[in-house]
Structure formats: structure tokens, C-alpha cells
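Numbered continuously in our numbering, the sequence shown closes out at residue 574. In this text, a Cβ means the ideal position worked out from N, Cα and C, and glycines have one as well.
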Amino acid sequence: SEWVLGRGWDQNDWEVKEFPTKEKLDKAFPNIPVVLRRIDGHALIANTEAMKRAGIHPQSMVAGGEILVNEKREPTGVFIDNAMSLIERVIPEPLLNQKITALKTAQNNCFAVGLTTVSDAGLDKEDILLMDSLQKAGTLKMRIYAMMNPNGENYDYFLPKGPLHTGRLTVSSIKMYADGALGSRGALLLKPYSDEPGHYGLQLHSLAYYDFVCKKAFDAGFQVNTHAIGDSGNRIILKIYAKYLTGPNDKRWRIEHAQVISPADFHYFKDYNIIPSIQTTHCTSDMYWAEERLGPERIKTAYAYHVLLMQNGWLINGTDFPVESISPLLTFYAAVARKDLKGWPPGGFQIENALTRKEALRSITIWPAKGSFDEQFKGSLEVGKAADFTILEDDIMTIPENKIPTLKIIATFIDGEKVYGSGEEKKYL
Numbered sequence: 146s147e148w149v150l151g152r153g154w155d156q157n158d159w160e161v162k163e164f165p166t167k168e169k170l171d172k173a174f175p176n177i178p179v180v181l182r183r184i185d186g187h188a189l190i191a192n193t194e195a196m197k198r199a200g201i202h203p204q205s206m207v208a209g210g211e212i213l214v215n216e217k218r219e220p221t222g223v224f225i226d227n228a229m230s231l232i233e234r235v236i237p238e239p240l241l242n243q244k245i246t247a248l249k250t251a252q253n254n255c256f257a258v259g260l261t262t263v264s265d266a267g268l269d270k271e272d273i274l275l276m277d278s279l280q281k282a283g284t285l286k287m288r289i290y291a292m293m294n295p296n297g298e299n300y301d302y303f304l305p306k307g308p309l310h311t312g313r314l315t316v317s318s319i320k321m322y323a324d325g326a327l328g329s330r331g332a333l334l335l336k337p338y339s340d341e342p343g344h345y346g347l348q349l350h351s352l353a354y355y356d357f358v359c360k361k362a363f364d365a366g367f368q369v370n371t372h373a374i375g376d377s378g379n380r381i382i383l384k385i386y387a388k389y390l391t392g393p394n395d396k397r398w399r400i401e402h403a404q405v406i407s408p409a410d411f412h413y414f415k416d417y418n419i420i421p422s423i424q425t426t427h428c429t430s431d432m433y434w435a436e437e438r439l440g441p442e443r444i445k446t447a448y449a450y451h452v453l454l455m456q457n458g459w460l461i462n463g464t465d466f467p468v469e470s471i472s473p474l475l476t477f478y479a480a481v482a483r484k485d486l487k488g489w490p491p492g493g494f495q496i497e498n499a500l501t502r503k504e505a506l507r508s509i510t511i512w513p514a515k516g517s518f519d520e521q522f523k524g525s526l527e528v529g530k531a532a533d534f535t536i537l538e539d540d541i542m543t544i545p546e547n548k549i550p551t552l553k554i555i556a557t558f559i560d561g562e563k564v565y566g567s568g569e570e571k572k573y574l
């Protein structure tokens, strides 16, 4: 039967900044299961019909997750982090033709904003092989850095073959999650949330599990890319990475987000060549409420992108769509201005952690290519490298800051082939 699925709600944007409950969904959809994911993908709301099909009852529990309940101890419909799996396991898989249509649509949306490579953070064998076949058939022209989910089927298929670089597809990493997200209070903190006493967030797996995945990757010569947002989530992963990396190395293991770091922990990035993979729009999306969550001290070393850059002299920057906007222009703008689209706050949020325009440009071009071991092949316009480039209507390095977000994309090229543009590019070439 049909399910209604969606994504994008954020209670922090509402008048009453509280998690939604199932009642309105039940009224509108009494007999159809509905599941709507929070914008960050770390929480969902399900209606009663969806919970019924999943066999949810008041005693349902899951480690590393939370099922919100009302005063009668009944589930409200909100499932956080690992608890989401209780609902997700009964949602029917999309059909093959639906997947192909979705990939083609996503590709066109990416080309229209100037993207030529996408990092997909957490895929299974079936979808990676589908992308590979569509690339080989010429249906997908987008280059993809696919991080595999940590499971037996993926390990058995990919690890014995070693890192894969086809030119269009790179499979050289395993994606893990240390914790949840700050917006849904799942990010794991060393001290309780400033706006929820006694609550530390969620550690999604055991230390033994993280150790097991890191050993698998290390032995096979693969990267580990771990989502870590809270200062405790980051510390746990940095320490386990340090155990395997032992000192200076070129493994390019990554921390995805590296959002809140204890001042005592920045040195791990430098000492063990751990690469921060950041998304600068998180700073400008979260800045309105992040201090409520973290308090005046912890906020000082949150979104500390300049400090992170200084550790190794490079870092990776991305959009994090669909959590944030798909446009890399907004990523660039957030990195250099640390303001929202209305120009707030006037001086920029914690502006000492802004990147220069040159650093910001590298963070979305050559450094991500380096982050997937593809820097010899792409990431900069040099003789012998892939002709992947975007033509903008003006110079992003010199135009006034406030003009960056609305800069027009004239054309996008991959391998010298125009994949987006109306023909206007002739006057720019």
C-alpha cells in the first residue's frame, strides 16, 4: 500500500519551538501511513497508522535512540536517531524506476547550481552499483564520492577489492555516526544541554562497534568518515582514530561536521592528520539558537572553521543538502560572511572563524577532491585534469559579499561537456 513520505520540518523555525505530535497527521490521514523526517534526518514524526504497521507500543525502546512520549506515556509520534529504524524498517523500498527517476532529477538540480561532484554519505551496495551502471550507460554524468554504510554486505563486496576510483565513481570510505544532531538534541555533549538539564544527547553505538569498523577500514586501506557533532561525540571518535592512525599519516580519515569541539581536542586533527569535513551553512542556520543549546562557553569553540583549517592547512566543505540548501554559493557565502541572507548579524557570527575567499574556494574544489584521493584527477583547472567547471556571471572572488548568494550560474561542464546552461556561456568563453 502507499505511504506518504516527506522531509524538511524544523521546530526551531516555529512559533512554539517544540517537537510536533501525531494528532494533526492522524486527523488528515487516519488510514494512510505518514512519515515525515526532520530537516537534519535525525528525527521523524509518524502517524498512528505508521506506528501500528511498525508494531510500536508504549514499551518500545532502542539503544542510541529516543521515542518521545506524552504524559500518559504514549508515543507522540516522534522518533529520534536510532529509534527511527523501528519505523523505517517497515517503509517499502522505492521501485527501481523510482530510484532512477530520483537520481536523474537530483542530478539536474545539482547541475543547475554548478555542482560537478557529489559526496553521498551512507549508501549500500545495491545503490552504489546502480549509480555505477547509470554512470557507465551515460545516464548519470555526475561524479559521485560514495561512502558505504557499515554492514556485512558492503564489507564483503567492496573491501577485498580495495578503494575504487572509476573516474566517475569513488568508493574508498565507510560512513559512521557518533551521535545525533544539535537541533534535535541528539548531539552527544560532555556536559548537559544548557536548555535541557540532565540531557547529554545520544551516543549511537558502543565504543567496541566504532573500534570494529575502524579496524575493518584500516586493514582494507579504506577511509573512515564519521558524523560527529557534539564535543563528546567528536572526542570519542578522535580518540579511536588516534589509536589506528598512531601519528602523522596520509589515510585522510574524516570527521563529518566537527561542529562542537572541546578546546582540549583540536590537537587530534593536527597530530593524526584527521581531516575536518564541514558544512559552513550549519553555522548560519544554527546561530539563532545554538547558544541556547550550548551556553556561552561551549559556543566559542563551535563552528570553529578557521581553527579547524589551521590544524592541517586544509579542510573539506560541502552543502550537506538536503539538510541545507543545495547551492555551493551559499556554502561559500556562509564561510566568508558568517551571516544569513538578510545580512544578519552585521559583523558576522563569531567572525574570527570565517574563511578567506581563497580558502573558501579551495574548500569546495581542490580540497574535497583531496578528501577522496582524487586531487590528481580533478578539483582544479590544470592541464591533464578533468574539465569540470562552472561559469558564473561575475567573479566570486571580488564581488561585494552580499551579491554572492544570488550570483547566476551561466553553465556547468563535466569532462568538457556542457551539462547545464542556456547558451549564454558563449559570451563568457
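Item to check | C-alpha distance - Phe534 paired with Val258, whole-angstrom precision | outcome: 12 Å
Next on the checklist: My output table needs one value for Ile541: the three-state DSSP class, helix, strand or coil.
Outcome noted: coil
Next on the checklist: Just to confirm my understanding: we take Ile444, look at its own chain, exclude 5 residues before and 5 after, and list those with CB closer than 7 Å. What are they?
Outcome noted: Ala435 and Glu436
Checklist entry - Does DSSP put Phe367 in a helix, a strand or coil? => result coil
Checklist entry - How should Tyr338 be labelled, buried or exposed, when 16 other C-beta atoms within 10 angstroms of its C-beta is the threshold for buried? => result buried
Checklist entry - What residue from Pro545, Gly346 and Ile400 has the CA that sits closest to Lys336's CA? => result Gly346
Checklist entry - Taking the alpha helix (DSSP H) that Tyr389 falls in, what are its first and last residues? => result Asp376 to Leu390
Item to check | DSSP three-state assignment for Ala188, whether helix, strand or coil | outcome: strand
Next on the checklist: Which same chain residues end up closer than 6 Å to Lys553 when comparing Cβ atoms and leaving out the 5 residues on each side of it in sequence?
Outcome noted: Glu538
Item to check | Whole-number beta carbon distance between Leu352 and Ile374, since they are thought to touch under 8 Å | outcome: Not a contact, Cβ separation roughly 18 Å.
Checklist entry - Is the Cβ-Cβ distance between Trp459 and Ser508 less than 9 Å? => result yes
Item to check | Coil, strand or helix - Lys415 by DSSP | outcome: helix
Checklist entry - What did DSSP end up calling Tyr448 once you bin it into helix, strand or coil? => result coil
Checklist entry - Which stretch, first to last residue, makes up the beta strand (DSSP E) that contains Pro337? => result Run containing Pro337: none; DSSP gives neither H nor E here.
Next on the checklist: Only counting the same chain, and skipping five residues up and downstream in sequence, which positions put a Cβ closer than 6 Å to that of Ala505?
Outcome noted: Phe477, Ala480 and Val481
Item to check | For Phe477, the first and last residue of its enclosing alpha helix (DSSP H) | outcome: Pro473 to Ala482
Checklist entry - Beta carbon of Ile319, beta carbon of Gln368: below 9 Å? => result yes
Checklist entry - How would you write the range of the beta strand (DSSP E) that Ser264 sits in, first residue to last? => result Thr262 to Leu268
Item to check | DSSP bridge partner residues for Asp226 (one or two, in chain order) | outcome: Gly210
Checklist entry - So is Leu474 buried or exposed if we call it buried at 16+ other beta carbons inside 10 Å? => result buried
Item to check | Buried versus exposed call for His372 [16 or more other C-beta atoms within 10 Å across all chains shown] | outcome: buried
Item to check | Leu581, buried or exposed, once every other Cβ within 10 Å from all chains shown has been counted against 16 | outcome: Not covered by the structure: residue 581. The range shown for the chain is 146 to 574.
Checklist entry - How is His427 classed by DSSP in three states: helix, strand or coil? => result helix
Checklist entry - Does the Cβ of Gly153 have 16 or more other Cβ atoms within 10 Å, making it buried, or fewer, making it exposed? => result exposed
Checklist entry - Below 8 Å, can you find three or more Cβ-Cβ pairs linking the segment 226-234 to the segment 358-365? => result no
Checklist entry - CB Arg183 to CB Asp340, shorter than 9 Å? => result no
Next on the checklist: On the CB-based measure, 16 or more other CB atoms within 10 Å of its CB, does Thr284 come out buried or exposed?
Outcome noted: exposed
Next on the checklist: Three or more C-beta pairs under 8 Å: does that hold for the segment 234-244 against the segment 205-217?
Outcome noted: no
Checklist entry - Comparing alpha-carbon positions, which option in Lys281, Ile232, Gln456 and Gly267 lies nearest Leu314? => result Lys281
Checklist entry - Using a Cβ-Cβ cut-off of 7 Å (strictly less than) and excluding sequence neighbours within five positions of Ala531, which residues of its own chain qualify? => result Phe522, Lys523 and Asp560
Next on the checklist: Pairs of beta-carbons, one from the segment 410-427 and one from the segment 384-402, closer than 8 Å: are there three or more?
Outcome noted: yes
Checklist entry - Pick from Asp155, Asn462 and Phe174: whose alpha carbon is nearest that of Ser329? => result Asp155
Checklist entry - If Tyr386 sits next to Leu349, beta carbons under 8 Å apart, how far is it from one beta carbon to the other, in whole angstroms? => result That pair is no contact at about 17 Å.
Checklist entry - Can the beta-carbon of Ile406 be found less than 9 Å from the beta-carbon of Ala449? => result yes
Next on the checklist: In this structure, how does DSSP classify Phe303 when only helix, strand and coil are distinguished?
Outcome noted: helix
Checklist entry - So what does DSSP say about Ala556, is it helix, strand or coil? => result strand
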